[in-house]
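S.K.:
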DNA sequence: ACAGATGTTCTGTCTGACAGATTATCTAAC
DNA sequence: GTTAGATAATCTGTCAGACAGAACATCTGT
């Protein structure tokens, strides 16, 4: 239930390929996958999985917004949001209420039960995060959080993609005479 | 081509839900997605995408191994490995050679062209990594790499899952009378 | 009142992952 | 030496998730 990134044995493999330069990507991958694993465990039985939690959390944030707003905010397709909300509503965590000013739209409200569950889940996730950093001593842990945070906030404004594709081009051109047949 | 994690607008959304506690998960997600984006750009035209690169790199490592060995090493399904290698072979990057001692098995050998491309891709990836950390000053960058590396190497031996599921249980039990019909 | 835009849902399509069957070959027991 | 079961690679069919586009209801501006 809720795979998302799956793969665990991949880890030691990735170590192989990039071991040369104390690979950043490998370490990032390992940590991120562990994070996913742990959070997936916490959120496994939430109707939409991690996605469901995000919707719930996002809906609980400000005043109730429309489905579409929610979908765009979370970067999920509108059609996906539909059955994501179906599930959450079926579980009694949110409600679709008619928008008083626009009869096309529904405003997503978190129910009391939803708030309650959300609070507990959020706490669990906090614990899980802490657990994940368990192998670091306190100063390292703080440092890591700080730098990671800084990196994350600044990384948005990156050159979209520097050069990159130059190598790839060559692959499809030099290898063997272009004997690509159909597919 | 090669989505994997997709979503970019998700970022500001995730910020909403976990902003409370300077969310680790959010930061990790942002950084990891950026990493994927950058590497995907570099590896976009490699036959199997990032997966193809991993296979190539892994095959180039030791002496040529069988497909199955490769698959297990990388944590991909054997049936997937088949057409992954189909693509790489079609592009002239690897060859399936008959195993002299076992006519069932094929040993995957990287061609000269494959080695060449691999070297360039690896270099590009290294640059991409560096670029990703561009917003950090030198000491921070080094610190980050160090701690992340330490975290990654120690994280494997984590309690598989501490408690976790306790909250989730309650969701499917307390919400509304169990009026789940079918699906 | 009408044309076009917008919110939600539905339908159909496509892709990637995987289980299981298939074929060829190996290994071990008889 | 032959036969039974294991194993490498491949092929086939199935399934879930993601999404595009249609459909429907409703809004907004003219």
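Residue numbers (the numbering used here), protein chains in the order written: chain C, 894 to 1076; chain W, 894 to 1076.
In this text, a Cβ means the ideal position worked out from N, Cα and C, and glycines have one as well.
Could you give the residue range of the alpha helix (DSSP H) that holds residue 962 (chain W)?
M.R.: Residues 960-967.
S.K.: Quick test of the definition: if touching needs 3 or more C-beta pairs under 8 Å, does the region 952-961 of chain C touch the region 1018-1028 of chain C?
M.R.: Segments in contact, no.
S.K.: Does residue 918 (chain C) get closer than 8 Å to chain W when you measure Cβ to Cβ?
M.R.: Cβ-Cβ to chain W under 8 Å: yes for residue 918 (chain C).
S.K.: Name, please, each residue of chain C whose Cβ falls closer than 8 Å to the Cβ of residue 987 (chain W).
M.R.: Ordered by position in chain C, no residue passes the 8 Å Cβ test against residue 987 (chain W), which lies about 11 Å from the chain.
S.K.: Rounded to the nearest angstrom, what separates residue 1005 (chain W) and residue 987 (chain W) at their Cα positions?
M.R.: The alpha-carbon atoms of residue 1005 (chain W) and residue 987 (chain W) are separated by roughly 9 Å.
S.K.: Measure the alpha-carbon distance for residue 952 (chain W) versus residue 985 (chain W) and round it to whole angstroms.
M.R.: So the two alpha carbons sit approximately 14 Å from each other.
S.K.: Decide if residue 932 (chain W) is buried, meaning its Cβ has at least 16 other Cβ atoms within 10 Å, or exposed.
M.R.: Residue 932 (chain W) comes out buried.
S.K.: Can you tell me the Cα-Cα spacing of residue 935 (chain C) and residue 1049 (chain C), whole angstroms?
M.R.: Whole-angstrom Cα-Cα distance: 28 Å.
S.K.: On the DSSP letters alone, give me the boundaries of the alpha helix (DSSP H) that residue 934 (chain W) sits inside.
M.R.: From DSSP, the alpha helix (DSSP H) with residue 934 (chain W) extends over 917-936.
S.K.: Less than 8 Å between CB atoms is the rule here; does residue 979 (chain C) satisfy it with respect to chain W?
M.R.: It does not: the Cβ of residue 979 (chain C) has no partner Cβ on chain W nearer than 8 Å.
S.K.: Looking at the unbroken beta strand (DSSP E) that takes in residue 989 (chain W), where does it start and where does it end?
M.R.: Where residue 989 (chain W) is concerned, the enclosing beta strand (DSSP E) stretches over 987-992.
S.K.: Measuring CB atoms only, is the region 939-949 of chain W touching the region 960-972 of chain W, in the sense that at least three cross pairs come out at less than 8 Å?
M.R.: Taking 8 Å as the limit for Cβ pairs, the verdict is that the region 960-972 of chain W does touch the region 939-949 of chain W.
S.K.: Looking at the secondary structure, which residues open and close the beta strand (DSSP E) in which residue 998 (chain C) lies?
M.R.: Element bounds for residue 998 (chain C): 995-1003.
S.K.: For residue 889 (chain W), does the count of other Cβ atoms within 10 angstroms reach 16, so buried, or fall short, so exposed?
M.R.: The question about residue 889 (chain W) has no answer, for chain W in this structure spans 894 to 1076.
S.K.: Hey, residue 941 (chain C) and residue 981 (chain C) are a contact pair by Cβ (cut 8 Å); roughly how many whole angstroms apart?
M.R.: Indeed, because the Cβ distance is near 6 Å, the residues count as touching under 8 Å.
S.K.: Give a yes or no on whether the minimum CB-CB distance between residue 924 (chain W) and chain C is below 8 Å.
M.R.: Yes, residue 924 (chain W) counts as interfacial toward chain C.
S.K.: Is the beta carbon of residue 1041 (chain W) closer than 8 Å to that of residue 939 (chain C)?
M.R.: Contact: no.
S.K.: Leaving out the 5 sequence neighbours to the left and right, which residues in its chain are closer than 7 Å to residue 996 (chain W) when beta-carbon positions are compared?
M.R.: Contacts found: none.
S.K.: Show which residues of chain W have a CB atom less than 8 Å away from the CB atom of residue 1048 (chain C).
M.R.: The contacting residues are 923, 924, 927, 1025, 1028.
S.K.: Assign residue 969 (chain W) to buried or exposed, taking buried as 16 or more other Cβ atoms, counted over all protein chains shown, within 10 Å of its Cβ.
M.R.: With 16 or more Cβ atoms within 10 Å of its Cβ, residue 969 (chain W) is classed as buried.
S.K.: With a threshold of 8 Å between beta carbons, is residue 975 (chain C) in contact with chain W?
M.R.: Chain W, which has no Cβ nearer than 8 Å to the Cβ of residue 975 (chain C), makes this no.
S.K.: Going by the CB atoms, is the gap between residue 990 (chain C) and residue 999 (chain C) shorter than 8 Å?
M.R.: Yes; because the gap between Cβ atoms is below 8 Å, this pair is in contact.
S.K.: Would you verify that the beta carbon of residue 1038 (chain C) is, or is not, closer than 8 Å to some beta carbon of chain W?
M.R.: At least one chain W Cβ lies under 8 Å of residue 1038 (chain C).
S.K.: Would you say residue 959 (chain C) faces chain W, with C-beta separation under 8 Å as the test?
M.R.: Residue 959 (chain C) does not count as touching chain W.
S.K.: Let me know the alpha helix (DSSP H) ranges lying completely inside the region 1025-1050 of chain C, each 4 residues or longer, listed in chain order.
M.R.: Listed in chain order, they are 1031-1048.
S.K.: Between the Cα of residue 1047 (chain W) and the Cα atoms of C:1026, C:979, C:1009, which residue gives the shortest distance?
M.R.: For the residues C:1026, C:979, C:1009, the minimum Cα distance to residue 1047 (chain W) belongs to C:1026.
S.K.: Under 8 Å between C-beta atoms, does residue 907 (chain C) make it to chain W?
M.R.: For residue 907 (chain C), the predicted model reports a pLDDT of 46, less than 50, meaning its position is unreliable; a value from the coordinates is still stated below. With 8 Å as the cut-off, residue 907 (chain C) counts as an interface residue toward chain W.
S.K.: Compare the Cα-Cα distances from residue 1001 (chain C) to each of C:918, C:974, C:921 and report the closest residue.
M.R.: Of C:918, C:974, C:921, the residue nearest in Cα terms is C:974.
S.K.: Pull up the distance between the alpha-carbon of residue 922 (chain C) and that of residue 994 (chain C), whole angstroms please.
M.R.: Answer to the nearest angstrom: the Cα atoms are 46 Å apart.
S.K.: Nearest to residue 918 (chain C) by alpha carbon, out of W:926, W:918, W:983, W:920?
M.R.: The shortest Cα separation from residue 918 (chain C) among W:926, W:918, W:983, W:920 belongs to W:926.
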